[in-house]
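Chains as they are written, first to last, in our numbering: chain A, 42 to 635; chain B, 42 to 635.
Encoded as structure tokens, the structure appears first; notes follow it.
Number of protein chains: 2
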Amino acid sequence: MAIYNPPLDEMRFMLNDVFDVEKFWQANENLAHVDMDTVNMVLEEMAKLSKNVLLPLNRTGDEEGATYQGDGVVTTPAGFKDAFKQYAEAGWIGLGGDPEYGGQGFPKMVTMLTEEMVFTVNQAFALYPNLSVGATLCLLASASEEQKQLYLEKMYSGQWSGTMCLTEPHAGTDLGIIKTKATPNDDGSYNISGTKIFITGGEHDLTENIIHLVLAKTPDAPEGSKGISLFVVPKFIVNEDGSLGERNTLAAGSIEHKMGIKGSATCVMNFDNAKGWMVGEENTGLASMFVMMNYERVTMGLQGLGGTELAYQNAAAYALDRAQGRSDTQIQSPEKPADQIIHHADVRRMLLNARANAEASRCFAMYVAKQLDESKFSVDPENAKAAAARVALLTPIAKAFLTDKALEATVDCQQVFGGHGYIREWGMEQIVRDTRISQIYEGANGIQALDLLGRKISRNNGKYLENFLAEIRDFVANMKADHEIKQATLDAAETIEELTTTVLTNISTRKSEINGCAVDYLHAMGYLCYAFMFAMMVEAAHDKEGAFYANKLKLATYFVGRILPRIKAHAEMVKTGSDPIMDFDLQYFEQNIS
Amino acid sequence: MAIYNPPLDEMRFMLNDVFDVEKFWQANENLAHVDMDTVNMVLEEMAKLSKNVLLPLNRTGDEEGATYQGDGVVTTPAGFKDAFKQYAEAGWIGLGGDPEYGGQGFPKMVTMLTEEMVFTVNQAFALYPNLSVGATLCLLASASEEQKQLYLEKMYSGQWSGTMCLTEPHAGTDLGIIKTKATPNDDGSYNISGTKIFITGGEHDLTENIIHLVLAKTPDAPEGSKGISLFVVPKFIVNEDGSLGERNTLAAGSIEHKMGIKGSATCVMNFDNAKGWMVGEENTGLASMFVMMNYERVTMGLQGLGGTELAYQNAAAYALDRAQGRSDTQIQSPEKPADQIIHHADVRRMLLNARANAEASRCFAMYVAKQLDESKFSVDPENAKAAAARVALLTPIAKAFLTDKALEATVDCQQVFGGHGYIREWGMEQIVRDTRISQIYEGANGIQALDLLGRKISRNNGKYLENFLAEIRDFVANMKADHEIKQATLDAAETIEELTTTVLTNISTRKSEINGCAVDYLHAMGYLCYAFMFAMMVEAAHDKEGAFYANKLKLATYFVGRILPRIKAHAEMVKTGSDPIMDFDLQYFEQNIS
């Protein structure tokens, strides 16, 4: 079975050394109740649960998969039900929930670390509670007080779960063209009819009720994304006293057979005049969804981090054990016919790429989580607004860059195993298959890039970016550490600044420039963000004793010399722009199609 | 089902326009019998077989997989047996075989194109004939006349198949430490005992006999790779008259469950005093294997090309059909709620990356195939020697760069499908899973890189490379086309020249420099090779009429601006070198391991 050693030291390094959370929390009266002693206990509990309960279900869950039994019944893999019960009863689903409705009120900087552990050991399992949390965030932000009272507590407790029903067969990225209809009834409820696909946890055997949040169009709604409303549509209608009433007219029609996350039930959901209630105002459904999207998208980044972490730990263990060939420097095991492959520089290169990615992405997710907490809990509205702007800028990077780099890292770690990496029993190929989805769902990574370059950079003329660059330069200027990461970060910031000027200029004359440059722009930005994170880690580590801290400086050196140079390639490709893409006519793409 | 339109136009562009094969063949009396009319017929026949017979078995073969029935019996997926029979009876296995033993004597420049088609439509199936071909190449180069008479004809005809038994549980990359023993008998035969793993086609139901080529150690053989001999060990011992004799004492113990190529039986083979006969001289087994390795490694590059081609064609078809959002330039389908996604520049970027990779890799494989043909058939020994040197230099690139880029391309094409790309029924995720193996087997890509930078560059002080760079510069200097690829290719050549000087200097003081820089060096070289290929394609196309040729120039422009810039990132990472890798002590990689 795969090994997993929860990286609590790394997490504490983030909390204490890099982000000095106690100071941050103390300075904010809404967070002053959080203390590191409790947080340490929380992390240790999740470390145990993830390692002892969820990790052992990772491969069996992949082998068995979720199954559709016919008649709308979906079964999760053996062990998932018990594990979910333990997970729910320990209070994990409501960890970051609103205390007014039974949540525990922990900030994102804490919940993201527990989420990381769950995604590391079992990506498929993680999605069940994760979607519930997403649904509660959405209800909390947009639902009426009555709806919150009715649903939140039981969703926090895991008695009920939640889903997000957005996609339809013909409408994925483009939600403006959905067809699901909501017809008003006299009693204030609506009848919901339509088919939704790719619904994670749309049906399963883990909870007694499933609360679907469904995007649909009311009669006479405006066309496109401005005519979409959000509805809460429970599997069992909930009576006013919170007890379960009649079965609603909705059901899973089938589940998908997928490349990975096979233990997660991805359902086709058929709504046939199902009873639902509007959440928030009419025609503001997309906005309500996007409230929770920022949280979810950072969490997808964590899924990538989880895949990387598990792949790294297992690849490092394999490289320390497997003996092939001799070290280039000196024979390490003269009594044996070969040395361990950890002595080969190319094996280390793959491991270090993965580890640098894991550490930078954890730091970046924490940085974004801090802004999320600031925007949610800050007593100073100006502060909250600035943090929200930073979140808006960085969320697409947290989702797309972290998951793109995660695929690279998991593939590299699989490669360390040679032929064994391709064999199911070693578990590495599953990590690659599972991690792959994180680049696709919750807004495909290309869409994230469009969001970054289009909405977050171009539409406000680079203002969010300006502030971010100013913060980076300010941080580096005040660094006490003496390390090459400083100059490298400043250079990267300059690369991005120049690049942004170029691309904003080109946009004015090339209609497809944003679309054609967005992904490379996002990757260039991602490397800058990682450089900034390494600068923060170096500053936190440089004056402390011991190998743990010394290695932080070494990993930053590795990053500067062996990873960061890629920023220039992406910058050059963005400067080339979209012309060579759009220069082809449509027939070019048709010519090879029979 | 996946679509496939065999790219015969592209193949003819290679044969006629880029490489002017008729002239090349006419100039060489050993190849003067080959003509384009026959070759066209050959390609058209394979186009039909691959599209009509092998493609329909691709997904069913993946779903069913090869199965181990117990007692050493392995069954291939439904349809494979009939398809293999058709394949064999049409003479495809002996297409490039020696006419003296029933082969058809076609050069590699032709067989590689038929191999491409087979790998495109069904990677798992392709491996059965492919391993047979590999075994015949090995026998042809090293076996005695008697052995050739006994085995080759029936292997060419597909009555029997062949395997390569190299890897053992503890010995993959490092074959010097294998344990399989060969004990001589009085009659000149040997008793072979040991366990081999990862044996493609080690057992199956396609042929009446299976001819295993097995690496083993004779008693008192020198240690390491200098003490390895090669043996032919048939499943059924072959009588002198070619009829089948008694069952040999060898059997499949199990088959592996893998990430992909599930229709291919990957066997654990147990040899228990199995009767075998030495091939070639004692202790020269590895050298005998390497004779066929150059052919096989180019073929693995073709597997990558095949994956890319199938992924591209299906992604392009999907992008032409799927409607989401509106085009940035102008509304394309005003009567519909959305435009086809082919109008989005980012979708085109992914498609163009894949297509540029397919075309450059096909051209590169053809270029290497030409050198292979030159080295095998040339009447001028000097010519043959120079071509062999070029093959030696480029083979690791043909294997590793083509397959690394292929994974990128197939992942990109999967991404074009959004969520549907992750669902099995669409077939895209299978292409990714199947293609992934090509980076791992036949010498993992990291090992290819070591071969390039260590054996092919460093050991002869860059002399092979000098000759190659001279050819590139000479070609560009003589180009009649006016296109940015010219300067870009010269720049890339200069980058590589400088880089090589740097790395050869650093090697003298850093023991792990080759190992730590090899993969990035190989990638930088790969981009130079692709640039050279695009220069050749531009030169072949620039003075010809029609959209087909005009698009070649456009794709080269795309390559220069949107792909080639990566060469600089790899160059910079090589210049950084191995120090930041080796600066970590062993404990660093242990600290997270429980």
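Using N, Cα and C, we set each Cβ at its ideal position, and we do this for glycine too.
{"Asked": "Between I488/B and the rest of its own chain, which residues show a CB-CB distance below 8 Å, the 5 nearest in sequence each way excluded?", "Found": "T214"}
{"Asked": "Of the residues F509/A, M614/A, A559/A, which one's Cα is nearest the Cα of Y530/A?", "Found": "This sequence places Thr at residue 530/A; Tyr is not what is there. Out of F509/A, M614/A, A559/A, F509/A has the C-alpha closest to the C-alpha of T530/A."}
{"Asked": "Could you tell me the boundaries of the alpha helix (DSSP H) in which L343/A lies?", "Found": "326-362"}
{"Asked": "According to DSSP, is S635/B part of a helix, a strand, or is it coil?", "Found": "Confidence in S635/B is poor, its pLDDT being 48 and thus under 50, which makes the residue's placement unreliable; the coordinate value appears in the next sentence. Looking at S635/B - three-state DSSP - the assignment turns out to be coil, as it is neither helix nor strand."}
{"Asked": "Considering only C-alpha positions, which residue in the set S266/B, V279/B, A257/B is nearest to I251/B?", "Found": "V279/B"}
{"Asked": "Would you kindly work out how many angstroms separate the C-alpha atoms of I438/A and M310/B, rounded to a whole number?", "Found": "48 Å"}
{"Asked": "Just checking: is the beta-carbon of R551/B within a distance shorter than 7 Å of some beta-carbon in chain A?", "Found": "no"}
{"Asked": "Taking only heavy atoms of the ligand NAP into account, decide whether any of them is closer than 6 Å to the Cβ of E512/B.", "Found": "Within the structure as shown, the ligand NAP is missing, as the structure has no ligands at all."}
{"Asked": "Look up S234/A in the DSSP assignment and give the residues it is bridged to.", "Found": "K222/A"}
{"Asked": "Under 7 Å, CB to CB, which of the residues in the stretch 287-315 of chain A have a partner in chain B?", "Found": "E297, H298, K299, M300"}
{"Asked": "So what does DSSP say about F60/A, is it helix, strand or coil?", "Found": "coil"}
{"Asked": "How many Å lie between F630/A and A357/B at the Cα?", "Found": "6 Å"}
{"Asked": "On the criterion of 16 or more Cβ atoms from any shown chain inside 10 Å, does P148/A qualify as buried, or is it exposed?", "Found": "buried"}
{"Asked": "Of the residues T370/A, Q365/A, L178/A, which one's Cα is nearest the Cα of M330/A?", "Found": "L178/A"}
{"Asked": "Return helix, strand or coil for N501/A, following the three-state DSSP convention.", "Found": "coil"}
{"Asked": "Residue range of the alpha helix (DSSP H) that V83/B falls in?", "Found": "77-90"}
{"Asked": "On the three-state DSSP scale, how would you describe W201/A?", "Found": "strand"}
{"Asked": "For S553/B, which residues from the same chain have a beta carbon less than 6 Å from its beta carbon, with the 5 sequence-adjacent residues on both sides left out?", "Found": "S619, M623"}
{"Asked": "Should T101/A be flagged as near chain B, meaning a C-beta pair shorter than 7 Å?", "Found": "no"}
{"Asked": "Nearest CA to the CA of K220/A: which residue from D228/A, H211/A, N226/A, D227/A?", "Found": "H211/A"}
{"Asked": "Tell me the rounded alpha-carbon separation between S91/A and L343/A.", "Found": "15 Å"}
{"Asked": "In the DSSP assignment, the beta strand (DSSP E) including M319/A goes from what residue to what residue?", "Found": "307-320"}
{"Asked": "Are the C-beta atoms of I622/A and some chain B residue less than 7 Å apart?", "Found": "yes"}
{"Asked": "I'd like the span of the beta strand (DSSP E) that includes E41/A, first residue to last.", "Found": "Absent from the structure is residue 41/A, since the part of chain A shown begins at 42 and ends at 635."}
{"Asked": "So does the stretch 495-504 of chain B actually touch the stretch 370-387 of chain B, counting three or more Cβ pairs closer than 8 Å?", "Found": "no"}
{"Asked": "For S635/A, which residues of its own chain have a beta-carbon under 6 Å away from its beta-carbon, when the five flanking residues on both sides are left out?", "Found": "With a pLDDT of only 48 at S635/A, under the threshold of 50, the placement of this residue in the model should not be trusted; the figure read from the coordinates follows. If we look at S635/A and ignore the five residues flanking it on each side, it has no Cβ neighbours."}
{"Asked": "Look up K426/B in the DSSP assignment and give the residues it is bridged to.", "Found": "Note: K426/B sits in no beta bridge, so no partner."}
{"Asked": "How would you label M319/B, buried or exposed, when you count the other beta carbons within 10 angstroms and need 16 or more for buried?", "Found": "buried"}
{"Asked": "Report the rounded CA-to-CA distance for K440/A versus G459/B, giving the unit in angstroms.", "Found": "15 Å"}
{"Asked": "Checking the sheet assignment: what are the DSSP bridge partners for L285/A?", "Found": "V279/A"}
{"Asked": "Does Q110/A come out as helix, strand or coil in the three-state DSSP assignment?", "Found": "strand"}
{"Asked": "So, does the CB of H385/B fall closer than 7 Å to a CB anywhere in chain A?", "Found": "yes"}
{"Asked": "Determine the closest residue to A591/B out of A485/B, H524/B, T476/B, with distance taken between C-alpha atoms.", "Found": "H524/B"}
{"Asked": "Does chain B have any CB closer than 7 Å to the CB of K497/A?", "Found": "no"}
{"Asked": "Could you round the C-beta distance between L96/A and A165/A to whole angstroms and report it? I think they count as a contact, below 8 Å.", "Found": "That pair is no contact at about 12 Å."}
{"Asked": "With a floor of 4 residues, list each alpha helix (DSSP H) that falls wholly inside the stretch 357-421 of chain A, ordered by position along the chain.", "Found": "386-418"}
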